[in-house]
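Participant:
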Amino acid sequence: NAGVMQNPRHLVRRRGQEARLRCSPMKGHSHVYWYRQLPEEGLKFMVYLQKENIIDESGMPKERFSAEFPKEGPSILRIQQVVRGDSAAYFCASSLQGQANSPLHFGNGTRLTVT
Amino acid sequence: DQQVKQNSPSLSVQEGRISILNCDYTNSMFDYFLWYKKYPAEGPTFLISISSIKDKNEDGRFTVFLNKSAKHLSLHIVPSQPGDSAVYFCAAMTTREYGNKLVFGAGTILRVKS
Chain A
42 NAGVMQNPRH LVRRRGQEAR LRCSPMKGHS HVYWYRQLPE EGLKFMVYLQ KENIIDESGM
102 PKERFSAEFP KEGPSILRIQ QVVRGDSAAY FCASSLQGQA NSPLHFGNGT RLTVT
Chain B
5 DQQVKQNSPS LSVQEGRISI LNCDYTNSMF DYFLWYKKYP AEGPTFLISI SSIKDKNEDG
65 RFTVFLNKSA KHLSLHIVPS QPGDSAVYFC AAMTTREYGN KLVFGAGTIL RVKS
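Those protein sequences? They're chains A and B, same order as listed.
Counting from 1, position 6 in the first sequence corresponds to residue 47 in this note's numbering; the numbering is continuous, with no gaps.
Counting from 1, position 25 in the second sequence corresponds to residue 29 in this note's numbering; the numbering is continuous, with no gaps.
1. Let me check understanding here. Comparing Cα to Cα, which of Arg63/A, Pro102/A, Glu82/A lies closest to Phe110/A?
2. How should Asn104/B be labelled, buried or exposed, when 16 other C-beta atoms within 10 angstroms of its C-beta is the threshold for buried?
3. Tell me Pro62/A's beta-bridge partners as DSSP assigns them.
4. Does the distance from the C-beta atom of Leu77/B to that of Phe37/B stay below 9 Å?
5. Among Thr112/B, Gln6/B, Ser53/B, which residue has its Cα nearest to the Cα of Tyr29/B?
6. Can you list, in chain order, the residues of its chain whose CB lies under 7 Å from that of Pro115/A, leaving out five sequence neighbours each side?
7. Count Cβ pairs between the stretch 52 to 60 of chain A and the stretch 68 to 85 of chain A that sit closer than 8 Å; are there 3 or more?
8. Nearest-angstrom Cα distance between Ser32/B and Ser99/A?
9. Hey, out of Gly126/A, Gly150/A, Ser136/A, whose CA is closest to Phe106/A's CA?
10. Nearest CA to the CA of Val116/B: which residue from Ile54/B, Asp88/B, Ala95/B?
11. Is there a C-beta anywhere in chain B that falls below 9 Å from the one on Gly7/A?
12. Leu84/A and Thr151/A look like a contact to me (Cβ under 8 Å); what is the Cβ gap, rounded to whole Å?
13. In angstroms, rounded to a whole number, what distance separates the CA positions of Ala134/A and Asp97/A?
14. Just mark Val124/A as buried or exposed, buried being the case when its beta carbon has 16 or more other beta carbons within 10 Å.
15. Check the Cβ of Tyr131/A against every Cβ in chain B and list those closer than 9 Å, keeping chain order.
16. Run through DSSP, which three-state label would Arg125/A get?
17. When the distance is taken between beta carbons, is Gln85/B closer than 9 Å to Arg100/B?
18. Count the other C-beta atoms from every protein chain shown that fall within 10 angstroms of the C-beta of Gly47/B, then say buried if there are 16 or more, exposed otherwise.
19. On the three-state DSSP scale, how would you describe Asp59/B?
20. Which residue wins for smallest C-alpha separation from Tyr74/A, given the options Ser128/A, Lys103/A, Gln138/A?
21. Tell me, to the nearest whole angstrom, how far the beta carbon of Gln78/A is from that of Phe147/A; I am working on the premise that it is less than 8 Å.
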């Protein structure tokens, strides 16, 4: 399967714990995006990374959230001290290039539930 | 601040007929528009896109129309098939910015009845 791989598919955390969401982009893709979908809403942009660099994090909450895309390994979205409002589906996408004619390919998401 | 709006939460269509999904946007900087389709428990899948220099783009059963003056676009599916039943998201971006930072609508649930 050469698609975007996200794991875990489901993650349950208690309030105050940390959540780590992983994303392996499609082979050859060096552009990674994280989106969040709250119930009954569309996907909201969080952060855009390109190997080892954060290009745009304008959609990331200022506190508790961080993202990285190391030279080796998957991209990680990290949420510290989770709260109930963090419960959502988190989608990762990748693209070959950073232009509009290089469509985003999405993974199947990680559904985070905070209890 | 919803820059991309899909005002119909759901749409029900008979198999073989036309499905028309609508989308409105407010940001004049948007110059590239996309439609994504999403099945439950899966990620969105790219369907079709259109640049603001065009008013129509066709790919098989799918056609996207863009009316820039009205800031409105629509997706036509002809003929509709039961397998088309899914959530459809309209998305927009500005190509002046580097990267594919998409702004999504809330989605429209399409049900195609056989």
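Note that CB positions come from ideal geometry on N, CA and C, so glycine has one too.
Predicted model only: the values in this text are computed from it and were never measured.
Facilitator: Let me spell this out:
1. It is Arg63/A whose Cα lies nearest to the Cα of Phe110/A.
2. Label assigned to Asn104/B: buried.
3. The amino acid at residue 62/A is misidentified as Pro; the sequence shows Leu. Per DSSP, the beta bridge partners of Leu62/A are Leu118/A.
4. With contacts defined as CB atoms closer than 9 Å, Leu77/B and Phe37/B qualify as a contacting pair.
5. The residue with the shortest Cα to Cα distance from Tyr29/B is Gln6/B.
6. Here the set comprises Arg63, Cys64, Ser65.
7. Because the criterion of three Cβ pairs below 8 Å is not met, the stretch 52 to 60 of chain A and the stretch 68 to 85 of chain A do not touch.
8. If you draw a straight line from the Cα of Ser32/B to the Cα of Ser99/A, it comes to about 20 Å.
9. Closest by C-alpha distance to Phe106/A, out of Gly126/A, Gly150/A, Ser136/A, is Gly126/A.
10. Cα-wise, what sits closest to Val116/B is Asp88/B.
11. No information on residue 7/A is available, as it lies outside the stretch 42 to 156 that chain A covers here.
12. Going by Cβ atoms, the distance from Leu84/A to Thr151/A rounds to 13 Å, so no, they are not a contact pair.
13. Their backbone Cα atoms lie some 14 Å apart in a straight line.
14. By the neighbour-count definition (other C-beta atoms within 10 Å, threshold 16), Val124/A is an exposed residue.
15. What Tyr131/A touches in chain B: nothing, since even the nearest Cβ is about 11 Å away.
16. Per DSSP, reduced to three states, the secondary structure at Arg125/A is helical.
17. No. Outside cutoff.
18. The residue is buried, with at least 16 neighbouring Cβ atoms inside 10 Å.
19. Residue state, collapsed to three classes: coil.
20. When only C-alpha atoms are compared, the closest one is Gln138/A.
21. The Cβ separation is near 11 Å, so there is no contact.
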